[in-house]
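What follows is one structure encoded as structure tokens, with my remarks underneath.
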Amino acid sequence: MKQLIFAATLAAITMAMLGCGADPGGEFVNGDFTNNVAPIVGASGKITQAYGLFKQGNFTGAAQVFNQVLADNPIASERAEALAGLGFSNVRLKGSSNGIANFEEALKVDSRNADARVGLGGALISRGSSDDIRRAIDALQGISPGNPEFRFVDQYGIGIADAEVHALLAYALFVNGDRSASASQAALARSRDSATANTSVDQILKVLGFIP
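Numbered continuously in the working numbering, the sequence shown closes out at residue 271.
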């Protein structure tokens with residue numbers, strides 16, 4: 060029963076990390092000629108625009124713009140980022156399991172995409188089966204293979220901190236039975252957390268402290 064409670068707590072924390080706010084609903088139109096506002100062109104600009112909508116809590120609008128990018132046949136790195144963004148949007152709109160396919164597709168296009176790796180790791184941890192946990196570890200460690208002290212850069216400012224990524228990895232390693240590696244990741248998370256209490260990092264590490 061304790062494990063179920065802690066898993067539910069961790070899932071809630073992870074969902075909070077993967078996005079913020081509530082979707083106001085409705086569609087988003089890319090450009091408004093009535094008010095002489097030109098549409099944003101180019102995949103890079105649209106991706107930035109879509110993440111801006113995501114940060115505002117307009118997950119439906121963000122998903123629409125990410126899909127526009129995908130429809131324009133962008134280069135591989137931009138396609139991967141649009142798929143990662145679509146995954147984050149679907150997680151917020153429909154639940155963690157609904158973003159997994161997008162994150163996995165993004166990594167097939169560009170295995171180096173850190174946003175997709177963090178999104179996939181978080182979504183798998185939320186789902187929580189033993190296989191999901193192992194896959195989450197692979198996804199997160201793949202941000203910088205062989206470098207456990209990697210740094211995750213939140214390039215679009217959607218609110219996922221490097222310390223949070225290490226805390227998630229610490230949790231996954233702990234549940235998978237690698238307590239030594241988990242302790243190392245937990246120490247990294249603590250050292251890189253910008254605050255000292257009541258953060259998502261603090262909450263995840265507290266969960267670890269209660270698991271026997």
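C-beta atoms are modelled at their ideal positions from N, C-alpha and C, and glycine is treated no differently.
- Query: In or out: R282 buried (at least 16 other Cβ within 10 Å) or exposed?
  - Reply: Residue 282 cannot be examined here, being either before or after the span of the chain that is shown, 60 to 271.
Problem set entry | Cβ separation of A122 and L145, assumed to be a contact under 8 Å, to the nearest whole Å | Translated into the one-based positions of the sequence shown, residue 122 becomes position 63. Translated into the one-based positions of the sequence shown, residue 145 becomes position 86. With a Cβ gap of about 6 Å, A122 and L145 count as contacting.
(request) Can you give me the Cβ contacts of I263 inside the same chain, cut-off strictly under 8 Å, excluding the 5 residues immediately before and after it? (result) What you label residue 263 is simply residue 204 of the sequence shown in a count that begins at 1. Taken in chain order, the residues that qualify are L69, I72, E223, A226, L227, A229, Y230 and A248.
How long is the line joining the alpha carbons of R210 and Q127, rounded to whole angstroms?
Here the question's residue 210 lines up with position 151 in the sequence shown. Here the question's residue 127 lines up with position 68 in the sequence shown. Roughly 30 Å separates the two Cα atoms.
| So, using beta-carbon positions, are T119 and S148 closer together than 9 Å? | As a first step, residue 119 must be located in the sequence shown, where it is residue number 60. As a first step, residue 148 must be located in the sequence shown, where it is residue number 89. Yes; because the gap between Cβ atoms is below 9 Å, this pair is in contact.
In this structure, how does DSSP classify Q214 when only helix, strand and coil are distinguished?
The residue given as residue 214 occupies position 155 in the sequence shown. Of the three classes helix, strand and coil, the one that applies to Q214 here is coil, per DSSP.
Starting from Q115, trace the alpha helix (DSSP H) both ways and give me its first and last residue.
-> One-based indexing of the sequence shown puts residue 115 at position 56. No alpha helix (DSSP H) contains Q115, which DSSP labels as neither H nor E.
Practice prompt. Counting only the same chain and skipping the five closest in sequence on each side, list residues whose C-beta sits under 8 Å from that of A173.
Written response: The residue labelled residue 173 in the question sits at position 114 within the sequence shown. If we look at A173 and ignore the five residues flanking it on each side, its Cβ neighbours are I202, F211 and V212.
Neighbourhood of E164 by C-beta distance below 8 Å, restricted to the same chain and skipping five residues each side:
As a working mapping, residue 164 is identified with position 105 in the sequence shown. Within the same chain, E164 has close Cβ partners L142.
Opening and closing residue of the alpha helix (DSSP H) in which G180 lies
Start at 1 with the first residue of the sequence shown, and residue 180 comes out as number 121. A173 to R186 is the extent of the alpha helix (DSSP H) around G180.
According to DSSP, is E208 part of a helix, a strand, or is it coil?
By 1-based counting over the sequence shown, the position of residue 208 is 149. DSSP places E208 in coil when its eight states are reduced to three.
- What's the C-alpha gap between A139 and I106? The sequence position of residue 139 within the sequence shown is 80, counting from 1. The sequence position of residue 106 within the sequence shown is 47, counting from 1. One C-alpha to the other measures close to 11 Å.
Quick test of your reading: F162 and G187, contact by CB under 8 Å. State the CB separation rounded to the nearest angstrom. Counting from one through the sequence shown, the residue named residue 162 turns up at place 103. Counting from one through the sequence shown, the residue named residue 187 turns up at place 128. The pair is not a contact, with the Cβ atoms about 16 Å apart (cut-off 8 Å).
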